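Chemist: One structure, as structure tokens, below. Some questions next.
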Amino acid sequence: MLGGGSRVLIQGSVATLSRNTAQVTMVQFFDGLAGVSATLETVPTTVTASSLAGIDLYISARSSGFSASEAAALSAFETNGGALLILGENSGVGGSFNSIANDLLTALGSGMRLGSASIGSGFLTTPEVASAP
């Protein structure tokens, strides 16, 4: 996912962040990789070309939408080799995460959409994640 990069920006909404959240766990994961550093920001920090400068991977866990200028900054970031990971949520807990993600995907020109299908109840885990070829 980092493609040899070393800087990760994880952005989540104030309402969804606490010391026990998945975003904090992601920061700890990436910070634990040799030569990689991660930063956690809370919305309303605006996504701009300058906030993405030097970032290799942008992870969104926002519960508020992206403005047209933010979508344009993310599009330029992606065009210039940056990687995006947009998180969604299929439960009532996530509220509008999927529609926010889908709106951004549309603005980026992607045909991909997050659906509402459920693959099971409860938490599903995997013992390992294979590296990309």
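So my numbering is basically just the index in the sequence shown, starting at one, shifted up by 247. Beta carbons are placed, not taken as given, at the ideal position from N, Cα and C, and that holds for glycine. Quick caveat: nothing in here was measured; it's all calculated off a predicted structure.
Kindly indicate which three-state DSSP category Val255 falls into: helix, strand or coil?
Modeler: The residue given as residue 255 occupies position 8 in the sequence shown. Val255: strand per DSSP, three-state reduction.
Chemist: With distances taken Cα to Cα, identify the nearest neighbour of Leu361 among Ala354, Leu355, Leu334.
Modeler: Walking along the sequence shown from the start, residue 361 turns up at place 114. Minimum Cα distance to Leu361 is reached at Leu334.
Chemist: Report the start-end ranges of each alpha helix (DSSP H) in the region 267 to 319 that is 4 residues or longer and not cut off at the edges.
Modeler: Listed in chain order, they are 269 to 278, 296 to 299.
Chemist: What's the gap between the Cα of Asn349 and the Cα of Phe324?
Modeler: Here residue 349 refers to the residue found at position 102 when the sequence shown is read from its first residue. Here residue 324 refers to the residue found at position 77 when the sequence shown is read from its first residue. Each residue's alpha carbon lies about 18 Å from the other.
Chemist: Figure out for me which residue from Phe313, Val271, Gly252 has the closest Cα to the Cα of Ala300.
Modeler: Looking up residue 300 in the sequence shown gives position 53. Of Phe313, Val271, Gly252, the residue nearest in Cα terms is Gly252.
Chemist: Give me the Cα-Cα distance between Ser297 and Ser363, rounded to the nearest whole angstrom.
Modeler: Locating residue 297 in the sequence shown gives position 50, counting from the first residue. Locating residue 363 in the sequence shown gives position 116, counting from the first residue. Each residue's Cα considered, the two are about 34 Å apart.
Chemist: Quick one: grab the DSSP three-state call for Leu321.
Modeler: On the sequence shown, residue 321 is found 74 positions in, with the first residue counted as 1. It is helical.
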